[in-house]
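Read through the structure below, which is laid out as structure tokens, and then see the notes.
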Amino acid sequence: MQENSLTVVKVGGGAGIDPSGVCTDVAAWATRGRPVVLIHGASHRANILTEARGLEPRFLTSPSGHSSRYTDSQAREIFVQAAQEANKEIVALLRGLGTVAVGLTGDRVPLRAVRKQALRAVVDGRTVVVRDDYSGKITGIDKGSLRSILAAGQVPVIPPLARSTSDGLLNVDGDRAAASVAAALGAESLLIF
């Protein structure tokens with residue numbers, strides 16, 4: 000693998016986003032020998048699973064206006080399931096296109112994070128502190144495992160999850176995850192769809 004030719008691609012998981020086009024491009028690059036890492040979202044799938052349980056998806060808005068999924072313990076369980084399902088779907092799409100793709104879920108998640116202990120959010124016009132959220136701040140990347148997969152000519156497929164030694168799997172922002180992976184591996188390019 001020529002590390003400087005690495006491309007990191009992030010495809011969102013929102014409603015109306017079809018990953019098949021991005022997967023077609025990723026498969027074409029991989030077939031030509033270009034190393035690619037694919038990170039994906041899972042938000043729409045998480046919303047569907049949440050609603051199937053009779054719950055409403057909840058979101059937090061920071062004082063600066065950034066919106067993120069509120070991930071209490073119940074929402075975390077649902078989000079992990081959604082992320083793993085999305086990962087399997089994308090791996091299957093890539094394999095169907097002749098690409099050897101490796102889904103990195105569960106214990107194989109290469110992102111490391113610490114849980115955000117307190118989040119500031121605006122609720123009913125007031126700034127409050129939220130302490131029961133299971134979202135994380137990325138602190139590291141398992142570069143060795145990603146480099147090994149890439150060196151074998153395979154495409155790592157990473158969900159928007161990171162592992163915390165004390166809190167298990169955490170919800171992380173997919174765009175930040177992609178940027179962190181790109182920086183850690185010295186990628187030539189980062190594409191966000």
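Per numbering that gives the first Met the number 0, the very first residue in the sequence shown carries number 0; after that it's consecutive.
By construction, the Cβ of each residue, glycine as well, lies at the ideal position given by its N, Cα and C atoms.
Just so it is clear, the structure is predicted and the values come from calculations on it, not from any experiment.
If you ignore the 5 residues before and after R52, its C-beta comes within less than 8 angstroms of the C-beta of I77, all in its own chain and listed in chain order. Taken in chain order, the complete alpha helix (DSSP H) segments of 4 residues or longer contained in the stretch 62-123 are 72-95. Per DSSP, reduced to three states, the secondary structure at G139 is strand. Ranking I16, S188, D132 by CA distance to the CA of A177 puts S188 first.
About 17 angstroms separates the Cβ atoms of G12 and R57, ruling out a contact at the 8 angstroms cut-off. For R125, the pairing in a beta bridge is given by DSSP as V122. Counting only residues of its own chain and dropping the five nearest sequence neighbours on each side, V21 has a CB closer than 6 angstroms to the CB of V10, F192.
With a 10 Å radius around the Cβ and a threshold of 16 neighbouring Cβ atoms, P62 comes out exposed. If you ignore the 5 residues before and after I148, its C-beta comes within less than 6 angstroms of the C-beta of V101, P155, all in its own chain and listed in chain order. Taking all protein chains shown into account, D71 has fewer than 16 neighbouring C-beta atoms within 10 Å of its C-beta and is therefore exposed. The continuous beta strand (DSSP E) containing G167 extends over residues 167-170. Counting only the Cα atoms, Q83 lies some 12 angstroms from L48. For L37, the secondary structure class from DSSP, reduced to helix, strand or coil, is strand. With respect to the C-alpha of R75, the residue from R146, V171, G185, L190 having the closest C-alpha is V171. S4: not part of any beta strand (DSSP E); DSSP gives it neither H nor E.
The residues G12, G13, in chain order, have a CB closer than 6 angstroms to that of S42 in the same chain once the five nearest residues on each side in sequence are set aside. Here T126 is exposed. Its C-beta has fewer than 16 other C-beta atoms within 10 Å.
Distance from R111 to G139 at the Cβ level is roughly 4 angstroms; contact confirmed, criterion being Cβ atoms closer than 8 angstroms. One alpha carbon belongs to R146, the other to Q116, and they sit about 31 angstroms apart.
Contact between I38 and G173 holds, with the beta-carbon distance rounding to 6 angstroms and staying under 8 angstroms.
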